[in-house]
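Comments concern the structure below.
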Amino acid sequence: MPPLSTMKAIVTEKTGGPEVLEVRAHHPVPTAGEGQLLVKNQTIGINYIDTYFRTGLYPSTKPEILGREAVGTVVGVGPGANPYNFKVGDRVAWLSTGSYAEYTAVPQAKTVKVPDELSDEDVLGSFLSGLTVLSLAKETYPVQKGDWVLLHAAAGGAGFLMTQILKSIGATVIGTAGGPEKVELVKSLGADYVIDYRSEEGKDWVKQVKEITHGRGVDVVYDSVGKDTWEGSLEAVKRKGTIVWFGNASGPVPPLPLPKLSPKCVKVARPTLFGYIETREEFEFYVNELFNLLKSGDLKVKIHKVYPLDQVAQAHSDLEGRKTTGKLLLKA
Ligand SMILES: NC(=O)c1ccc[n+]([C@@H]2O[C@H](COP(=O)([O-])OP(=O)(O)OC[C@H]3O[C@@H](n4cnc5c(N)ncnc54)[C@H](OP(=O)(O)O)[C@@H]3O)[C@@H](O)[C@H]2O)c1
């Protein structure tokens, strides 16, 4: 049983800007139902998808507690089977909904114990984002050594991790990022070319990608920017290449006329992490892969800032204002 019946939580009653994220000091603590755990959250991850649910780009029922991941301590185990042997006191990481709160009732099936040697920051700097980029590089388009890859927003939460994964596979990486500091950060990860697509010169990033690839284009584009980049991504990909659209940071890709894909026989994917980790086996596969990379030091995380829970609106403004690199976290 949790020590309290009420908790601090961020409740969103309606869609809108960061101001709709309301701090509530006395929200009811949920109860763990069958197949669930009650977790006292310590550290909470902020993901761009949280902004889509806040603005209504992705529909959801309001009022709602946003947030899809946290690390915390199990304080209650729901009734029924407990196939993964969770117990009160376990330090766990979970993926579900409702993490902008001191307590969340979460599905056991999407919860894992965290190895002692990994800090909250290691795990949440890479949990939802890291599992995503691993699935993008392994399944959506299995990247091969020698592939030419264009990665947009390479300095962001997902991009920072993806750049490292792509380089570890042996791909040649062309990253895009907004501003000289972000460019330097991406270069420091080993990216082969980095284009500042917000600079005067970088505005014609498609031309630069063509020049870098001697007119051929890239094997695959990973595009999470969407509205502002989708047409350029289609131009920058090679004949028989692949475009992976996996996010909408600038807005969604408009409905795509399929004949646009014909001239170059382009393949298109629109993946989501949860489609790759639906079963426990799939979830554990990617979590093990991620934790091993973190433990060996082969994957580094970058935390932009840890905000107190009640400063979540500021965190959303910073993320949407393109002011951040790496991952934003909240402390419950
Ligand atoms: N499909 C999935 O399962 C999945 C899972 C995780 C993440 N994602 C997607 O991956 C992307 C990255 O997520 P994240 O949480 O790691 O965020 P993030 O990359 O840290 O932040 C988004 C970045 O997008 C770039 N951007 C370009 N145009 C923008 C605009 N008009 N407004 C705001 N940002 C813009 C900015 O970098 P620059 O300043 O360098 O342009 C910004 O820092 C998001 O699109 C997210 O939806 C998808």
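In case it helps, the working numbering puts the sequence shown at residues 3 to 334.
Don't be surprised by glycine CBs; every beta carbon is placed ideally from N, CA and C.
As the structure is a computational prediction, the values presented were derived from the model and not from experiment.
Close-in-space but distant-in-sequence residues of the same chain around residue i (CB under 7 Å, 5 per side omitted)
| i | result |
| --- | --- |
| residue 99 | 70 |
| residue 291 | 136 |
| residue 141 | 278 |
| residue 81 | 36 |
Cβ-Cβ separation, residue j to residue i (assumed contact under 8 Å), whole Å
| i | j | result |
| --- | --- | --- |
| residue 115 | residue 94 | 6 Å |
| residue 321 | residue 132 | Residue 321 to residue 132, Cβ: 17 Å. No contact. |
| residue 225 | residue 207 | Not confirmed; about 12 Å, so no contact. |
| residue 171 | residue 147 | 6 Å |
| residue 303 | residue 329 | 7 Å |
Buried versus exposed, by CB contacts within 10 Å (16 or more), residue i
| i | result |
| --- | --- |
| residue 28 | exposed |
| residue 1 | The question about residue 1 has no answer, for the chain in this structure spans 3 to 334. |
| residue 242 | exposed |
| residue 306 | buried |
| residue 38 | buried |
| residue 84 | exposed |
| residue 274 | exposed |
| residue 101 | buried |
| residue 32 | buried |
| residue 325 | exposed |
| residue 201 | exposed |
| residue 180 | buried |
| residue 255 | buried |
| residue 228 | buried |
| residue 19 | exposed |
| residue 158 | buried |
| residue 264 | exposed |
| residue 90 | exposed |
Residues near residue i by beta carbon distance below 6 Å, same chain, minus five either side
| i | result |
| --- | --- |
| residue 309 | 317 and 332 |
| residue 267 | 242 |
| residue 66 | 14 |
| residue 272 | 247 |
| residue 199 | 178 and 207 |
8 Å Cβ shell around residue i - same chain, five flanking residues per side excluded
| i | result |
| --- | --- |
| residue 165 | 153, 156, 175, 177, 188, 191, 192 and 193 |
| residue 217 | none |
| residue 17 | 56, 57, 58 and 64 |
| residue 151 | 145, 168, 173, 174, 175, 176, 220, 221, 222, 223 and 224 |
| residue 21 | 315 |
| residue 4 | Confidence in residue 4 is poor, its pLDDT being 49 and thus under 50, which makes the residue's placement too unreliable to answer from. |
Distance cut-off 7 Å: residue i Cβ against heavy atoms of ligand 3
| i | result |
| --- | --- |
| residue 250 | No copy of ligand 3 occurs in the structure displayed; its ligands are ligand 1 alone. |
Is the stretch 57 to 64 in contact with the stretch 122 to 131, if contact means three or more CB pairs nearer than 8 Å?
-> no
Report yes or no: do three or more beta-carbon pairs, one from the stretch 256 to 265 and one from the stretch 278 to 287, lie closer than 8 Å?
-> no
Check whether the stretch 293 to 309 touches the stretch 266 to 280, counting contact only when three or more Cβ pairs, one atom from each stretch, lie closer than 8 Å.
-> no
Specify whether the stretch 26 to 44 and the stretch 71 to 78 touch according to this definition: at least 3 beta carbon pairs, one from each stretch, less than 8 Å apart.
-> yes
Whole runs of the alpha helix (DSSP H) within the stretch 77 to 136, excluding any shorter than 4 residues = 122 to 126
Mind listing, in chain order, the continuous beta strand (DSSP E) runs of no fewer than 3 residues lying wholly within the stretch 51 to 79?
-> 71 to 79
Jot down the residue ranges of each uninterrupted beta strand (DSSP E) in the stretch 171 to 201, minimum 3 residues, whole runs only, in chain order.
-> 174 to 179 and 195 to 198
Could you give the uninterrupted runs of the beta strand (DSSP E) lying entirely in the stretch 254 to 290, keeping only those of 3 residues or more?
-> 269 to 271
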